[in-house]
Amino acid sequence: MFPTYDQLNLPEVDKQILEFWEKHDVFNRSIEERDVENSFVFYEGPPSANGMPGIHHVMARTIKDIFCRYQTLTGKRVERKGGWDTHGLPIELKVESELGITKEDIGTKISVDDYNKACKETVMRFKGVWDDITKKMGYWVDLENPYVTYEKEYMESVWWLLKQIYDKGLMYKGYTIQPYSPAAGTGLSSHELNMPGAYQDVSDTTVVAMFKTKKEAASSWLFSLPVMAPPVEDEDGGAAAGAMGSQDSNEVHIIAWTTTPWTLPSNTALTVGPKIEYVKVRTKNQYTGEANDVVLAKELVSKWFGGHNQPTIEAISEPFPGEKLVGISYEQLLEGPSPTDGDAFRVIPGNFVTTDAGTGIVHTAPSFGQDDMAVGKANGIGSLTLVDKQGKFTDDAGQFAGRYVKDYKNDPDYKDVNVDIAIHLKTVGLAFNVAKYNHSYPHCWRTDKPVLYYPLDSWFIKASAVKERMSALNDTINWQPESTGTGRFGKWLENLNDWNLSRSRYWGIPLPIWRSECGTEEVCIGSIAELQTAIDLANKELGLDQSVPKDLHRPYIDEVVLFQNGKKLVRELDLIDVWFDSGSMPYAQWHYPFENKDKFDRVFPADFIAEGVDQTRGWFYTLHAIGTMVFDSVAYKNVVSNGLVLDKNGKKMSKRLGNAVDPFETIDTYGADATRWYMISNANPWDNLKFNEEGIQEVRRVFFGTLHNTYSFLALYANIDNYDPADSANSLKWKDYPEIDRWILSRLNTLTKEVTALYEAYDATPACRAIENFVNAELSNWYVRQCRRRFWKGEMTTDKRAAYNTLYGCLLQVARLMSPVAPFYAEQLYQNLKGAAAGASNVEGAMANSVHLDILPGVDESQIDKDLETRMSYAQRISSLTLSLRKADNLRVRQPLQKILVPATDADFQNHVTAVADIIKSETNIKEVEFLTDGDFLKKSLKPNFRVLGKKVGKRMKDVAALIGANADAVIKGIESAGEATLSLDGEDLILTAEDVLIATEDIPGWKVASDGEITVALDVTVTPELAKEGLARELVNRIQNIRKDLDFEVTDRIRVRLQGSSAVEEAATAFKAYISTEVLADSLVLDGDVDGEALELPGEETATLAVSRV
RNA sequence: UCCGACGUAGCAUAACGGUUAAUGCACUCGCCUGAUACGCGAGCGAUUAUUGGUUCGAAUCCAUUCGUCGGGACCA
């Protein structure tokens, strides 16, 4: 028996199938039953379980699931180890907020040990919820044995990888400028800086400081550079040059703007744009009134001079390029030390300089800016770091020593040192301008104090040294979409910077590097065994009693002291960037190389990975970088990066806006399959998805509803007929299948071919759409509709068996094809179909079948018949045209009509249509299809085929089109009689063949016609009395069927009918008694002058009263 | 500010540089139903975001501006 259902309930299907999968261990079997040697390798990017899963996770995981299930369906073994990302900043922050502590408290109010314990507990807090959504959405991944990045084995593999990189000379320790929060005592990641609210509008004291140039060989030209009075606009609006009044400068000051005056004591250079034009301006200092010659960018002169409360220009020089200033030395602005690590106090070039703000000259303090650092280094400039990590000036900072550069302590008596610096500069005549300035500046999101950029020691991976290799390997990766690989990822690789690996934090994998205090001795540990050996040596040399800590996290590992070449080594306190953790998963998930060495060859690299596009510079990169550096290999061969899931208005989902979609609610309401199908079929995964519940409803109704009804149709009649797909009586020869069966089977095989190719290409969206189209338009709406009668008429004939076999086979294959995307419903459908076969009547046996254990049968090319597909499309189009003609004349379909006329311009077309004429006749309720072959009788139209002809004639296309239009009749005649026509264009012969033009019949004189492209149909609208009678008979059938339905009769019930009606009705009933009786399963149909039944109105003002009863 | 993606009817999506920009949903009218929460026919609805260019021909290629989103940089 085929199970039947009242209505489709997808959430209920989910429940039943989940239970089934669990009971029969289907997931494991789908892996274990496949050959190890035939593996498809998938890597699961580890989510962090410290937050709730969102609908976007359902999206990302659906993509992963689809291709893994598809590969399983083709017979591959697809192991899917789950994983958890457990380290990192978000976890630290969560712990800190829950414990009510800050980073500063770690080690004082709370021990590092306890802190890490809290992190470990927090990180898996939502594991249960994650496991739940994973299960409910039907994502198959091994949750029993996941890799966890905080586990010792995982950490050991990470150490090993790092050591490989270290041994290749790809690691170094360096100094970089990083965002740093003195108030919190920690460096900040860019992630923290980008948190909402991090950038705040503040009003800062800004200073334009004057740097006094030294008069020497390099600068003498500047002192003697002539200035002249500024142009004065004359009455005509033109400019008149002022009189020459130049005299050499006594002093020249280069002026530079800063919003952070506290960096001025640490100034070591001034940066100019080499191509930017600068001028020397003679003016008076507005604070001291002294004569003053200053240098700034020409474009910015008007910004600082001539306005309200601004100095006036007394004279100005011709512009000169910035590169002339390069090399000029100046006096240190504020007294203090000179740098020991390079030159200082001279003008250097930098391409980052703009004339958007300030003076076009950048005050450069390499310790406090990334650009400053870079440009300083490039020009041999040293640095001064006159601010300590608490955010106060060091003892070297002269009169400002000991003062906080910002109010980090919430000191009620805090006096802004920036203001004092400004006042001081005014006093000594080195301030050109002091003003308040509103701008947005990053703040530490937790302490709400301004961040400062500070030089911090870091460990780097020299990724830039292998960027060519990374690019080359990247070229072999199949990116979906391609543009992410070549563009976002590829371009980024080309301009790759070194990877800043270290993080000054507590909860993460410690850097396995130990160093002597002087930095001359250094060791990188690559395994626990190595650590053991090193510890043994240190114990011996230093007389200690250390052992390898049970937990490799801080603080235990920090206590380990090593020994090398007579020196004591202590661990570098930093942790490894958590991105390195996740990039290590191909190896660390198997504890490679300490275990699973054999297995590793089989599971590296991955055939397929998928994540959100935001992982491009995250996981996609770290996998690629480690794979390249350690194994000189890609880590993955195919990668799908999906876009964002937005709300239905295209806004980002966020808890704050309340527009976040709860994945549990969605799946509970609509079922996992409708949700998955919607997300994949609606838009390509890499385009952003505007998530709209109405879309899911549509999918549920239109696709799943139709499919379910198609199945129910089969089930209804198959159960009546006891159809058994496994019965040998049903095994038929190909010749037993009629045209329509062959057609749908041809389409089915074509579909299989298309869908398979699309899945192979990691392109699921068109695959879904193709399946949808097949189910809706072809299987349900055409095949089943055409074949209804075959299922319910009479007893089991060969034709009926063929219909059952065909529909059954289509549904079974659809179940397989859709199973990667809609694993639940596909499973139910498959089991219902398989379970109905004899021999599967034992329920356990039937249920043990699973579509996910099946192997997709290959395409049967012999069943693909393109010619047949063409024929059927003619049938559909002609039917559609005929129905449209009926509509125009208000001739309802139940009214039979005599014939349609179809002009046939060639024999091929006529043969094609003849083959499907029966289908057209039954679909449109007409009796004959007649062909018109008399060419002269038809009116034809001619259009050039632009695509073909355009290639041939190129730019003369327009003329050719006009020419063809003017000679339409001749061309048609020529092509129809001789196969070609010759036109003359500019004295040249132009030969047109049949493919160069499109000929269509447009009209049949004297008939009402409709046309669609090259097909034209005319309908004979004459209703003869005989036809009218038949029409009435069909009306009666329709009414009686409705009554049967209203009375809830079974479709097999026999009935008796008594009828009373107008004379036309009674005549029709008499004439078509046999027909009516067969149609409605009536044992008797009698005319009765006194019927007590339902009174009905029929078309043409006819009436009838009907009484129907069961036999 | 830089880099990238995207912008087609009320909504969601199509359209190897080629004829009148297609399909589904929604809406209106009609029809069909012995499977259907289906379907069929007709209608409604688009300056293909903008401006310019290349081309015989542009939704498609190039450039521009605007908008949405993402990634990065910077705020001296």
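Counted from 1, the first sequence has number 806 at position 806 by full-length UniProt numbering; the numbering is strictly sequential. Beta carbons: idealized from backbone N, C-alpha and C, even for Gly.
In this structure the stretch 1014-1031 does not lie against the stretch 1079-1087, because fewer than three pairs of beta carbons, one per stretch, are closer than 8 Å.
In the assembly as shown, Cys444 is a buried residue. Its beta-carbon has 16 or more other beta-carbons within 10 Å. Counting along the chain, Thr982 sits inside the beta strand (DSSP E) bounded by residues Glu980 to Leu985. A residue is called buried once 16 or more other Cβ atoms fall within 10 Å of its Cβ, and Gly174, having fewer, is exposed. A straight line joining the alpha-carbon of Val916 with that of Ile864 spans about 17 Å.
Nearest neighbour of Pro857 by Cα position, chosen from Leu817, Leu1081 and Lys866, turns out to be Leu817.
Boundaries of the alpha helix (DSSP H) harbouring Tyr804: Thr798 to Met818, taken from the DSSP string. Around the beta carbon of Thr710, 16 or more other beta carbons lie within 10 angstroms, which makes this residue buried. Between Trp499 and Leu562 the beta-carbon gap is near 25 Å, outside 8 Å, which marks them as no contact. Counting only unbroken stretches of 3 or more residues, the beta strand (DSSP E) elements lying wholly within the stretch 870-904 are 897-903, in sequence order. Here Ala291 is exposed. Its C-beta has fewer than 16 other C-beta atoms within 10 Å. Counted as a single uninterrupted DSSP element, the stretch harbouring Trp459 is not any alpha helix (DSSP H) but the beta strand (DSSP E) occupying residues Leu452 to Ile461.
Bounds of any beta strand (DSSP E) do not take in Gly128; it lies within the alpha helix (DSSP H) bounded by Lys127 to Lys136. Per DSSP, Cys524 lies in no alpha helix (DSSP H) segment; the continuous beta strand (DSSP E) that holds it begins and ends at Glu522 to Cys524. Contact between Phe432 and Tyr330 does not hold, since their C-beta atoms are separated by about 14 Å, which reaches or exceeds 8 Å. A Cβ-Cβ distance of about 6 Å is found for the pair Thr616 and Thr484, placing them in contact under the 8 Å criterion. Residue burial is scored here from C-beta neighbours: Phe946 has fewer than 16 other C-beta atoms within 10 angstroms and is therefore classed as exposed. Short of 6 Å from the beta carbon of Asn267, and not among the five residues preceding or following it, lie these beta carbons of its own chain, in chain order: Leu333, His363 and Ala365. Your pair Ile525 and Lys163 checks out as a contact, with CB atoms roughly 7 Å apart and the cut at 8 Å.
Burial state of Asp1083 is exposed, judged by a 10 Å Cβ sphere holding fewer than 16 other Cβ atoms.
Considering only Trp479, Val570 and Arg801, the residue with the shortest C-alpha distance to Leu511 is Val570.
As far as DSSP is concerned, His708 takes part in no beta bridge. The residue among Ile255, Ile177 and Tyr166 with its C-alpha nearest the C-alpha of Val208 is Ile255. Ranked by Cα distance from Glu693, the first of Ala660, Gly705 and Pro725 is Ala660. Taking a contact to require three or more Cβ pairs closer than 8 Å, the stretch 128-138 and the stretch 540-549 do not qualify as touching. Beta-bridge analysis with DSSP links Asn642 to Gly612. Pairing Trp262 with Val417 gives a Cβ-Cβ distance under 8 Å. Out of Pro903, Val1009 and Leu829, the CA that lies nearest to the CA of Asp889 is found in Val1009. Per DSSP, reduced to three states, the secondary structure at Gln828 is helical. Minimum Cα-Cα distance from Ile999 among the listed residues Thr756, Pro903 and Leu745 corresponds to Pro903.
Apart from the 5 residues on each side of it in sequence, Asn730 sits with its Cβ closer than 8 Å to the Cβ of Tyr723, Asp724, Arg801, Tyr804 and Asn805 in its chain, given in chain order. Per DSSP, Lys648 has no beta-bridge partner at all. Under the three-state reduction of DSSP output, Arg701 falls in the helix class. Per DSSP, Val158 is one residue of the alpha helix (DSSP H) stretching across Lys152 to Asp167. Its chain contains no residue whose beta carbon lies nearer than 6 Å to that of Thr756 once the 5 sequence neighbours on both sides are disregarded. Judged by their CB atoms, Trp507 and Cys119 are nearer to each other than the 8 Å cut-off.
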